[in-house]
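Residue numbers (the numbering used here): 3 to 279. Only one structure is covered here, and it is reproduced in the block below.
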């Protein structure tokens, strides 16, 4: 990555690294984007203000975050070289924004186009500085930042968690963790474990299989709502079977959908969890 702030073509500050860290926020996910670099020194004093960082998709055609302001309001240059420049840009992103970024990233590194804008004030007047550069945030760095921001611990649905010897919450967290690290089939298999646990808790495995057979027969018009939900649960279990034994791959969106349906079934007392804690 090469990104700089320039005054009349002269480099004031040069950045060669972008770091990302996560922070807890009241609402959404807090992220700190830090540009790291150095300053060669300037012959004249220049005030740098209105510094804005922009994030785009890897083609640069779509905004992810149009503008993140610099944490400090003003930076002044001097004639002395500074080998350790750090500019921090703090943002709180919504879960929708994070999910959109994850759709771009899939299971690899996060590839971005970063823009840096600033206003410069010196004895010669005002000048604008604008540059853009392609940046790759390693997958491990991005996942660590997401975890620190609380994103990986976000529950997709508000559901009652059953009182049981089985820690259902850990199974859900593990499934979500598999999705965030790109192991989509493993996430789907975790959902199968949850459904099998539901069957054992409720003791209605045979009823679910019978309801599913009924759903594929001429008697389906006579099925009750509970029988139809049991059939739905059985069908979802069949989908999850591919997570352990099928050759087909699951996409991220498919794995999220399976997890969402599994969590929805847990929250429905007639086919899901029998009790809450």
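For every residue, glycine included, the Cβ atom is placed at its ideal position computed from N, Cα and C.
- The alpha carbon of residue 14 has as its nearest neighbour, out of 188, 120, 275 and 237, the alpha carbon of 120.
- Here the alpha carbons of residue 262 and residue 213 stand approximately 22 Å from one another.
- Beta-bridge analysis with DSSP links residue 100 to no other residue.
- In this structure, the alpha-carbon of residue 127 lies about 17 Å from that of residue 80.
- Straight across, the Cα-Cα distance linking residue 178 with residue 125 is about 55 Å.
- Exposed is the label assigned to residue 45, since fewer than 16 other Cβ atoms lie within 10 Å of its Cβ.
- Per DSSP, residue 25 is one residue of the beta strand (DSSP E) stretching across 12-26.
- Residue 65 is classed as exposed because its beta carbon has fewer than 16 other beta carbons within 10 Å across all chains shown.
- Non-local beta-carbon contacts of residue 57 in its own chain, meaning distances under 7 Å to residues more than five positions away in sequence, involve 66, 67, 114 and 116 in chain order.
- Taking C-beta atoms as the reference points, residue 133 and residue 6 count as a pair closer than 8 Å.
- The beta-carbon separation of residue 94 and residue 31, rounded to 7 Å, stays under the 8 Å limit for a contact.
- The beta carbon of residue 191 sits closer than 8 Å to the beta carbons of 242, 245 and 246 from its chain, once the five residues preceding and following it are set aside; these are given in chain order.
- Shown here, residue 72 sits in a strand according to DSSP, grouped into three states.
- Secondary structure at residue 32: strand, using DSSP grouped into helix, strand and coil.
- Straight through space, the alpha carbons of residue 18 and residue 270 are spaced by roughly 52 Å.
- In the displayed model, residue 52 falls within a strand according to three-state DSSP.
- Sorting 35, 50 and 33 by C-alpha distance to the C-alpha of residue 8 places 50 at the top.
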